[in-house]
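Each residue of the sequence shown is one higher than the last, beginning at 455 in my numbering. Glycine included, every Cβ here is placed at the ideal spot set by N, Cα and C. In this text, all values refer to a predicted model and were calculated from it rather than measured experimentally. Everything below concerns the one structure shown next.
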Amino acid sequence: MNYRRLGKSGLKVSEIGLGSWLTYGTATEAETAQACIHKAYELGINFFDTANAYNTGAAEKVMGEALKAYTRSSYVLATKVFFPMGSGPNDRGLSRKHIVEQCEASLKRLGTDYIDLYQCHRFDNETPVEETLRALDDLTAQGKVLYAGISEWSAAQITDAAERSKKLGLRPLVSNQPIYNMFERYIEKDVLQVCESEGMGQVVFSPLAQGILTGKYKPGQAAPSDSRAANDKTNGIINSYMREDVLQVAEKLEQLAGSIGATLSQFALAWVLRQPGVSSAIIGSSRPSQIEENVKAINVVLSEEILAQTEAILSEVSGFSPKR
């Protein structure tokens with residue numbers, strides 16, 4: 455495994471991280487989920503990402519239980535706060551009350567004394583940014599959080615938060631967790647540049663485009679019965695990718711990947727990691743074998759010629775924008 459600094463911080467995370475959205479605590483049984491976590495750790499993955507909202511805390515419990523087998527200092531544990539965790543008016547958002555209460559709840563579910571990376575899952579238009587930043591800084595001062603980050607904030611929101619942190623003398627945000635893959639590239643427009651100037655690293659999610667960039671879905675064919683796309687509980691987002699033109703492009707990319715001795719998933723992950731601003735690409739997994747295949751992406755080298763061919767293929771669906 456290779457490791458990269460998380461932005462300009464001193465924290466190092468594995469180039470491939472393991473997430474738990476739509477897998478641990480939901481579509482995957484706890485026993486299988488733990489097997490995936492153990493395999494990831496065995497292969498050198500040290501970055502494990504979850505969120506309080508993933509199946510209302512169930513994913514945190516599964517991940518925390520599995521990671522108890524290892525020395526706490528040997529891995530980087532990340533979780534998030536923002537989405538509703540109850541029906542009350544203060545059970546959501548980024549107010550001081552919700553952040554502090556949910557941090558305590560996450561610590562209990564994870565079975566740990568501190569969270570390495572605590573992330574604001576989305577931007578909260580109803581809470582002053584200063585309130586959110588001060589709450590995160592206070593949790594860091596207390597040792598309950600070591601680093602703070604955000605997820606899916608716009609370039610303008612990131613810039614504003616960074617400027618306010620400096621003005622208030624608060625600890626800076628160290629990371630952003632955006633969606634990023636061959637089909638969804640909005641961060642290339644301005645988010646990457648803003649984050650680089652502010653010293654923030656990207657820990658990107660959905661680098662395999664909900665599984666489209668694994669090669670399991672073929673043009674003109676029904677989705678495999680055991681796949682996410684065939685499961686009504688987990689296919690809400692992936693369905694927007696299930697277009698013939700998108701699947702045809704994925705098939706061409708798979709052929710290009712094969713020309714350099716890589717699988718499509720390895721190729722797609724290497725493409726994401728080509729960006730120096732990306733600290734880690736977070737994968738999901740329902741089988742340990744998937745992790746074994748994906749971690750090999752760190753050894754895939756993409757030449758300028760291959761990257762140019764990739765862009766030519768992707769241009770065939772340049773106007774595609776999946777629903778989220």
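Nearest-angstrom beta carbon gap, A559 and V583 [assumed within contact, 8 Å]: Contact doesn't hold; Cβ gap of about 23 Å is too wide.
Pick helix, strand or coil for Q573, following the three-state DSSP scheme. In the structure shown, Q573 falls within a strand segment according to DSSP collapsed to helix, strand and coil.
Sort T717, D699 and I736 by Cα distance to S772 and report the nearest one. Residue D699 is the option with its Cα nearest to S772.
Euclidean distance between Cα positions of S468 and S733: Here the alpha carbons of S733 and S468 stand approximately 8 Å from one another.
Skipping 5 residues on each side, what residues in its chain have a beta carbon closer than 8 Å to that of I569? Leaving aside the five residues that flank I569 on each side, the residues in its chain whose CB is nearer than 8 Å to its CB run, in chain order, L531, A532, T533, C557, S560, L561, K598, V599 and L600.
Uninterrupted beta strand (DSSP E) stretches inside the region 571-643 (no shorter than 3 residues): 599-604, all fully within the region 571-643.
Beta carbon of L622, beta carbon of D578: below 7 Å? No, these two residues do not count as a Cβ contact at 7 Å.
Report, in whole angstroms, the separation of the C-beta atoms of P661 and I737, which I expect to be a contact under 8 Å. About 7 Å separates the CB atoms of P661 and I737; that is less than 8 Å, so the two are in contact.
Per DSSP, which one or two residues make a beta bridge with L472? Beta-bridge partners of L472 (DSSP): F502 and I737.
Cutting at 8 Å between CB atoms, please list the residues of its own chain near K620, excluding the five before and the five after it. The beta carbon of K620 sits closer than 8 Å to the beta carbons of P626 from its chain, once the five residues preceding and following it are set aside; these are given in chain order.
According to the neighbour-count rule (16 or more other Cβ atoms, all chains shown, within 10 Å of its Cβ), is A507 buried or exposed? Looking at its Cβ environment, which holds 16 or more other Cβ atoms inside 10 Å, A507 is buried.
Between V755 and Q720, is the Cβ-Cβ spacing less than 7 Å? No; because the gap between Cβ atoms is not below 7 Å, this pair is not in contact.
How is V754 classed by DSSP in three states: helix, strand or coil? In this structure, V754 counts as coil in the three-state DSSP scheme.
Give the DSSP-derived three-state secondary structure of T533 in the structure shown. When secondary structure is reduced to three states using DSSP, T533 falls in the strand class.
Mind checking whether A589 and R550 have CB atoms under 7 Å apart? Cβ atoms of A589 and R550: closer than 7 Å.
Got a sec: does the ligand MN put a non-hydrogen atom nearer than 6 Å to the Cβ of Q631? No copy of the ligand MN occurs in the structure displayed, which carries no ligand at all.
Which term fits T764, buried or exposed, when burial requires 16 or more other beta carbons within 10 angstroms of its beta carbon? T764 should be labelled buried.
Going by CA-CA distance only, name the one from K493, A513 and T504 that's closest to E483. Relative to E483, the option among K493, A513 and T504 whose CA is nearest is A513.
So V648 and P632 are supposed to be a Cβ contact under 8 Å. How far apart are they, rounded? The pair is not a contact, with the Cβ atoms about 11 Å apart (cut-off 8 Å).
Keeping to the same chain, check which residues put their C-beta closer than 6 Å to that of V749; ignore five residues upstream and five downstream. Apart from sequence neighbours up to five positions away, the residues of its chain that approach V749 with a beta-carbon distance below 6 Å are I470 and L497, ordered along the chain.
Taking just the CA atoms, how far does K462 sit from R546? So the two alpha carbons sit approximately 30 Å from each other.
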